[in-house]
Amino acid sequence: MSIGEFIYKNKEEIINVVNDYIGKITSEYYKDVYFISNPVLTRNPFASSLIIKFAFNLKNKDNSICRLSSITLGKKLFKYYLRNLISFLFFLFHFFSFQLSKLRFNSNKIDFNEDLIVINTFTMIDKILPNSGFNDPFFGNIYEILSKMGKQYVLLCILFGDKKYNLRRRWQTYNILAGDRRDFITEFELLTFFDYIRILWFIFFYPFIALKLLKVKISDLYDNAFKNEIINTLDRTESLNYVRYLAGKRLKKISNGKINIISWYENQEIDKLLFRGLRDSNASCYIYGCQFFPKYPLWLNPYPLEIEKKHDVLPDEILVSGKFYLNGGSMVNYKKGMSPRYSYLFNFNCDCDNLKRRDSIAILLTYSIEESRNIIKIVSDSKIDENNNEIYIKLHPNHLLNNPGFELPDKWISTNERLEDICRKSKVVISACSGTILEATSMGCSSIVIGDKRGLTFNPMPDIGKGEMWDVVFDSSELGSAYEKIINFREKNLERIIELSKIYKDSFFYESNEENFIKCFNL
Numbered sequence: 023m024s025i026g027e028f029i030y031k032n033k034e035e036i037i038n039v040v041n042d043y044i045g046k047i048t049s050e051y052y053k054d055v056y057f058i059s060n061p062v063l064t065r066n067p068f069a070s071s072l073i074i075k076f077a078f079n080l081k082n083k084d085n086s087i088c089r090l091s092s093i094t095l096g097k098k099l100f101k102y103y104l105r106n107l108i109s110f111l112f113f114l115f116h117f118f119s120f121q122l123s124k125l126r127f128n129s130n131k132i133d134f135n136e137d138l139i140v141i142n143t144f145t146m147i148d149k150i151l152p153n154s155g156f157n158d159p160f161f162g163n164i165y166e167i168l169s170k171m172g173k174q175y176v177l178l179c180i181l182f183g184d185k186k187y188n189l190r191r192r193w194q195t196y197n198i199l200a201g202d203r204r205d206f207i208t209e210f211e212l213l214t215f216f217d218y219i220r221i222l223w224f225i226f227f228y229p230f231i232a233l234k235l236l237k238v239k240i241s242d243l244y245d246n247a248f249k250n251e252i253i254n255t256l257d258r259t260e261s262l263n264y265v266r267y268l269a270g271k272r273l274k275k276i277s278n279g280k281i282n283i284i285s286w287y288e289n290q291e292i293d294k295l296l297f298r299g300l301r302d303s304n305a306s307c308y309i310y311g312c313q314f315f316p317k318y319p320l321w322l323n324p325y326p327l328e329i330e331k332k333h334d335v336l337p338d339e340i341l342v343s344g345k346f347y348l349n350g351g352s353m354v355n356y357k358k359g360m361s362p363r364y365s366y367l368f369n370f371n372c373d374c375d376n377l378k379r380r381d382s383i384a385i386l387l388t389y390s391i392e393e394s395r396n397i398i399k400i401v402s403d404s405k406i407d408e409n410n411n412e413i414y415i416k417l418h419p420n421h422l423l424n425n426p427g428f429e430l431p432d433k434w435i436s437t438n439e440r441l442e443d444i445c446r447k448s449k450v451v452i453s454a455c456s457g458t459i460l461e462a463t464s465m466g467c468s469s470i471v472i473g474d475k476r477g478l479t480f481n482p483m484p485d486i487g488k489g490e491m492w493d494v495v496f497d498s499s500e501l502g503s504a505y506e507k508i509i510n511f512r513e514k515n516l517e518r519i520i521e522l523s524k525i526y527k528d529s530f531f532y533e534s535n536e537e538n539f540i541k542c543f544n545l
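One rule links them: number in the working numbering = place in the sequence shown (from 1) + 22.
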C-alpha cells in the first residue's frame with residue numbers, strides 16, 4: 023500500500039496524532055508571537071510535509087527519519103537570510119511605489135468616534151490589473167449592503183499575486199484602486215518608522231527563536247520528524263508575514279470606536295498574526311472569520327485547535343459555508359455563514375429529464391501541473407473514453423498562464439465553459455484535490471476523486487453517497503471499476519441521485535442574500 027493510500031484510509035488517526043502533537047507545542051510556544059509565524063505549527067499541508075512524515079512513521083512504526091545535518095542547517099539559514107533580506111529590500115521599493123501612486127486612505131470619510139468595519143480580503147495584482155478594477159468574489163455584494171445601511175468600512179489592502187520586482191504593475195494596481203469609490207488602507211499607511219526596524223529585527227532573530235523548537239520532546243515516534251520539518255521549512259518562512267501583526271497593532275489608530283473585522287479566514291500565519299496584533303493593541307474589536315469555502319479533512323489548518331483560543335489568534339466567530347461544518351461540541355465558536363462564490367447553485371435545478379440528457383464526462387484539472395498530468399494519464403489509461411462518451415477537459419487558469427503543454431487524446435474536447443454549463447451536459451466529473459467535486463455533485467453529477475499515491479488526497483465529500491454518487495480511486499484500474507459502478511447505479515437510481523445532490527447542496531452551502539449578510543455580521 024502506497025503512503026498516499028495509507029494516509030487516506032487512516033486519515034482520522036493521523037489527524038488526531040498531528041493535532042495532539044502540535045496542540046501540545048502551541049499551548050506553550052504561541053505565547054511568543056514569533057512562533058505564530060512558523061509554517062509547521064499551522065498544520066498547513068501546503069506549507070510543510072509534517073502530515074506525510076508523521077504518517078510514514080505511523081505506517082512503519084519507525085522513527086528513523088534522520089535529523090538534518092549541520093551542513094544542511096547552514097544552507098537553510100543562508101537561503102533564509104538571502105531570501106528574506108531581498109524580500110525586505112523589495113518591500114521598501116513597494117513602499118516607494120505606493121508613495122508615487124494616487125492611492126491614499128481618506129480619513130475624512132471616517133467618523134473617528136463611530137464603529138468601523140475593516141474588511142480583510144484578497145487584493146490580488148493579477149486579478150485587479152486585467153480587469154482594471156477590484157471585483158471581490160469572496161464577499162459578493164457585501165459592499166453594496168454596507169453602503170445601503172450607512173455602515174462605514176475600509177478595506178485592508180496588502181497586495182500580492184505578482185513578482186516582487188514588477189514595481190510598475192504594483193504602481194498601476196494602486197492607481198486603479200485609487201479610482202475605486204471604496205476606501206482602502208495599505209500597510210504602508212499603518213506602519214511606523216520603528217515598525218520597519220522591527221521587521222528587520224524579526225528577519226535577523228526569527229531563526230534563533232524557531233530553532234528552540236528542536237528541544238521539543240513529546241513522542242519518540244514523531245519527534246525526529248517534527249524537528250526535521252522545522253529545519254526543512256526554515257528557508258520557506260516568509261518574514262513579511264510579520265507585517266500583518268504590526269498592521270493589526272496599528273489599526274487602532276484609525277478608529278476610536280469598536281473595530282469589527284470581517285476577514286477571509288483559513289487559519290494561516292497571516293490570519294493569526296493580524297488577529298493577535300489587533301488584540302495586543304487592546305483595541306475594542308470583534309473578529310468574524312469567514313470560511314465561505316468547502317473544506318477537506320486533511321487540509322488541517324482551517325480547523326483551528328481549541329488550545330489556540332487562549333493565545334488570541336482565533337476569530338470571535340467562525341462563519342462557515344454550510345451546516346456540515348458546524349461543530350456544536352467545540353469551544354471554537356462556529357456560526358452559520360454564507361457561500362457568495364456559489365450563489366449560482368441555488369438557481370440550478372435537477373430533475374430526472376435533465377439527468378437523462380446528460381451523456382458526457384468532464385475532467386477538471388487542478389492548480390498543480392504535476393497533479394493534472396497524473397489525472398490525464400490515469401483517465402487515459404483507464405479506457406473509459408472508449409465508450410463513445412464525449413469527454414470535456416477544463417484547464418485550470420494556472421495552466422493558461424504557464425502553458426504546460428499537456429498531451430491530450432485526440433477525441434477529448436478542451437473547454438473553458440463555466441462549471442455549471444459543463445455540469446448541465448455531464449453525467450460524471452473527474453478531478454482531484456478540488457472543491458469543484460462538491461459543486462458538481464450538488465448539481466447532479468456523479469463524481470470520481472483521483473487520489474494521490476505519494477501524498478495527500480483532499481476529498482471534500484462526506485461518507486453519504488460513497489459508492490453511489492461518488493468514489494475515490496488511486497489508479498486507472500480502480501477508475502475503470504468505480505466508473506462502471508457509479509454509472510450503473512446512476513442509470514437505475516436517478517431519484518436517489520437527485521436526493522443526494524440536494525443533501526450535498528443543503529449541507530455544504532448556505533445561500534448568500536442580503537438577509538443572511540445582515541444576520542452573519544449583526545449589521
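Glycine included, each C-beta is placed from N, C-alpha and C at the ideal position.
Tell me whether residue i is buried or exposed, calling it buried when 16 or more other Cβ atoms sit within 10 Å of its Cβ.
i, result
"W193", "buried"
"R298", "buried"
"A384", "buried"
"R272", "buried"
"S261", "buried"
"I486", "exposed"
"W223", "exposed"
"M353", "exposed"
"G477", "buried"
"I219", "exposed"
"G96", "exposed"
"C374", "exposed"
"A200", "exposed"
"D42", "exposed"
"S453", "buried"
"I108", "exposed"
"E461", "buried"
Do you know offhand how far residue i's Cα is from residue j's?
i, j, result
"C455", "I132", "43 Å"
"F428", "S394", "9 Å"
"F530", "F230", "43 Å"
"L111", "V238", "34 Å"
"G270", "K98", "30 Å"
"N246", "Y103", "25 Å"
"I435", "D407", "12 Å"
"I554", "F182", "A question about residue 554 goes unanswered here, because the residues of the chain that appear run from 23 up to 545."
"D84", "F248", "14 Å"
"F210", "R301", "20 Å"
"S534", "F115", "40 Å"
"E521", "T463", "11 Å"
"S499", "S404", "6 Å"
"I398", "L430", "7 Å"
"R191", "F117", "14 Å"
"R105", "K185", "14 Å"
"I58", "I47", "11 Å"
Looking at residue i: is its Cβ nearer than 8 Å to the Cβ of residue j?
i, j, result
"Q290", "N538", "no"
"N263", "I225", "no"
"G466", "I508", "no"
"I253", "T94", "yes"
"V40", "L322", "yes"
"L341", "Y310", "yes"
"V140", "L168", "no"
"S303", "K274", "yes"
"G473", "V495", "yes"
"L295", "R266", "yes"
"K317", "P482", "yes"
"Y196", "L125", "yes"
With DSSP as the reference, please indicate the residues paired to residue i in a beta bridge.
i, result
"A384", "Y414 and V451"
"C307", "I281"
"W434", "I413"
"Q313", "V342"
"T208", "C179"
"D493", "I470"
"W193", "DSSP lists no partner for W193."
"M146", "F182"
"Y325", "DSSP, once it has assigned bridges, lists no residue as partnering Y325."
"K488", "W492"
"W286", "C312"
"K357", "L341"
Any chance the CB of residue i is under 7 Å from a heavy atom of the ligand GDP?
i, result
"L151", "This structure lacks the ligand GDP, and indeed carries no ligand of any kind."
_Entirely enclosed beta strand (DSSP E) segments - the region 100-143, minimum 3 residues_ = 138-142
_Quick check on the DSSP output: what are the complete beta strand (DSSP E) runs of length 3 or more inside the region 27-77, in order along the chain?_
none
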